[in-house]
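Novice: So for the sequence shown, my numbering puts the first residue at 1; every next one is plus one.
What follows is a structure written as structure tokens; I'll ask about it next.
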Amino acid sequence: MRLSRANCLTTLLLLGAAVVCGCATGKSQQNVAAKPAASAPAAVAELKSQSSVRLVSYEQDSDGMKLAAPEAILTPVAQSLAGERPSLPLDMTTALALTQGQNPRVAFAQAQIAQSLAVHHAARALWLPSIRAGMNYNKHENRLQIVEGPNLQISRGAAFGGLGALAVGAGSPQIPGVFATFHTTDAIFQRRITGYALDAREFQASAVTNDQLLETALAYLALLEGAQKQAIAAEALAHGQELVKLTADYANSGAGNLADADRASAAFALLKNEVARADEAAAVASARVAQQLSSDPAIVIVPQEDNIVPIDLVPLDTLAVGDLVATGLTNRPELAASRSLVCEAVNRLKREENAPWLPSVLLGISYGGFGAGVGGEITNGGPRFDFDGAAWWELRNLGFGERAARDNARAQIQQARMQEVQTMDLVAREVVETYSQVQARKRQIASAEEGITAAQNSYKRNLERIRNMQGLPIEVLQSIQALDAARREYLRAVVDYNTAQFRLHRALGWPIGI
């Protein structure tokens, strides 16, 4: 008896509470681990909290360097991006849930499972007969050879109705009422072959779902990155706009020169382009998330998280890379699918090895009313019952066909095994690769945090010097640019780290409680 075929749909949270899905099991004959459900560590819930190093912070100077309200910059600039286009607030939890329900690749994989399940059900029913009901009328005139040999002048008619059809003369009905024909080898092995093929399709569908959930998570991460780039660009633009005003005021008062005002204006023009690029990045990311959800790309998707912080889906402090590789080889549905395909190929070989020794079977039962007579008369009507049973053995093409069929099955086993080895190598490489990326990118975050602290201090000190009339406003320009670059570097480091964490978690097969 087959176990549950429910597909394991994994929901992994990037910026919200953990969502846990059910998991599926394969055939009871297989000694393979069922794909585990996924859950996110508690660190994921921190993504809605504020980071210890905010990507955008605000300095309000009583002497004139006062920025716009922080809330105005934190809010994604969806209105300037969309114009009259509608917007859709969305968080990661909802995005992943919609991926499971709306992504066409996931739906296609589920349809393939349904197709394999139908084939498996058909294989399990090979033993069962078909039922046919019908009727026929036969009229013959003139010559007809009888069994003994003479050719006689015959005029006759016959009619039949019931289980079966085409009952004419002395032979059994050509269409039996209850009919079964099958090769015993197929009746035994096809249910196993199609069962393992179904298992492989279920695990493959789990892998497709996991891939699409990862793609949605990364697309949503890019959406968050776009929103933060908008915020960073807006902050830098506000700094630059105030700098243009100050340098112009200094030049007009004679305390500064016009060249500084021109330089500030040129820098401000570049900052406006950065705002446009940030809006473009947010629009592109919104369209990609919409594609993953199979929704209207004209709707601007607005992320609901205020900030993006590093997450630790896979804590590396307590896990060695060898342990992670073993976890990936145990949990990945692609490997379970490969093992199922090997089992399918092995049973195909068994089918070919037993084919010459097991018979094909034909059974036919018919029952109905039958009447016949001379000329056009239908007389002597009454019930009629027929039973036919036959069994035969076949050696295809004097045995050469048998050997070719077995060689073909052995080649399929070898292909399936090599595919399994290839998948194992791929899983191991993905685990080690993403493990290395996570480690390297975590160090980059610490350096980027130091850069933001230094850039903020530089900006504050330059402002203080200007307050004390110890310098010109243009001297703040380099601090503004350095702070903008530091924030962008920190954002890049966090996004790269989270991307590597997601890829590592997917490479491990979305394990529970690592």
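Even glycine gets a Cβ: it sits at the ideal position worked out from N, Cα and C.
(1) Below 8 Å, can you find three or more Cβ-Cβ pairs linking the region 283 to 292 to the region 219 to 234?
(2) If I measure Cβ to Cβ from Ser130 and keep anything under 6 Å in the same chain, skipping five residues before and after, which residues do I get?
(3) Does the Cβ-Cβ distance between Pro473 and Ile480 come in under 7 Å?
(4) Please return the same chain residues whose Cβ sits closer than 6 Å to the Cβ of Gln204, not counting the five positions on each side in sequence.
(5) For Lys350, which residues of its own chain have a beta-carbon under 7 Å away from its beta-carbon, when the five flanking residues on both sides are left out?
(6) Just mark Lys139 as buried or exposed, buried being the case when its beta carbon has 16 or more other beta carbons within 10 Å.
(7) Between the alpha carbons of Tyr196 and Asn347, how many angstroms are there, rounded?
(8) Where does Arg332 sit, in a helix, a strand or coil, going by DSSP?
(9) Whole angstroms is fine: what's the gap from Val494's alpha carbon to Gly226's?
(10) Does the region 411 to 429 touch the region 357 to 373, meaning 3 or more C-beta pairs lie closer than 8 Å?
(11) Would Met92 be called buried (16 or more neighbouring beta carbons within 10 Å of its own) or exposed?
(12) Let me make sure I understand the geometry here. Which of Tyr435, Glu402, Leu508, Arg506 has the alpha-carbon closest to that of Glu353?
(13) Once DSSP output is grouped into helix, strand and coil, what is the label at Thr318?
(14) From the DSSP output, in three-state form, read off Thr499 for me.
(15) With which residues is Met135 paired in a DSSP beta bridge?
(16) May I ask you to list the residues that DSSP assigns as paired with Leu214?
(17) To the nearest angstrom, how far is the alpha carbon of Val476 from that of Val309?
(18) Round the Cβ separation of Gly228 and Leu483 to the nearest angstrom and send it over; I've been treating them as touching at under 8 Å.
(19) To the nearest angstrom, report how far apart Pro303 and Thr185 are at their CA atoms.
(20) Is it the case that the CB of Ala298 approaches a heavy atom of the ligand MG more closely than 6 Å?
(21) Do Ala486 and Ile452 have their beta-carbon atoms positioned less than 7 Å apart in this structure?
Specialist: From the atom records:
(1) They touch, by the three-pair rule.
(2) Phe179
(3) no
(4) Ala337
(5) Phe189
(6) Looking at its Cβ environment, which holds fewer than 16 other Cβ atoms inside 10 Å, Lys139 is exposed.
(7) 9 Å
(8) Residue state for Arg332 is assigned as coil, using DSSP reduced to three classes.
(9) 13 Å
(10) The region 357 to 373 vs the region 411 to 429: no contact.
(11) With a 10 Å radius around the Cβ and a threshold of 16 neighbouring Cβ atoms, Met92 comes out buried.
(12) When Tyr435, Glu402, Leu508, Arg506 are compared, the shortest CA-CA separation from Glu353 is found for Glu402.
(13) In this structure, Thr318 counts as coil in the three-state DSSP scheme.
(14) helix
(15) Gly161
(16) Its beta-bridge partners do not exist; DSSP assigns none.
(17) 28 Å
(18) It is Gln, not Gly, that sits at residue 228 in the sequence shown. So it is not a contact: roughly 14 Å between Cβ atoms.
(19) Their backbone Cα atoms lie some 58 Å apart in a straight line.
(20) The ligand MG is not part of this structure, which contains no ligands at all.
(21) yes
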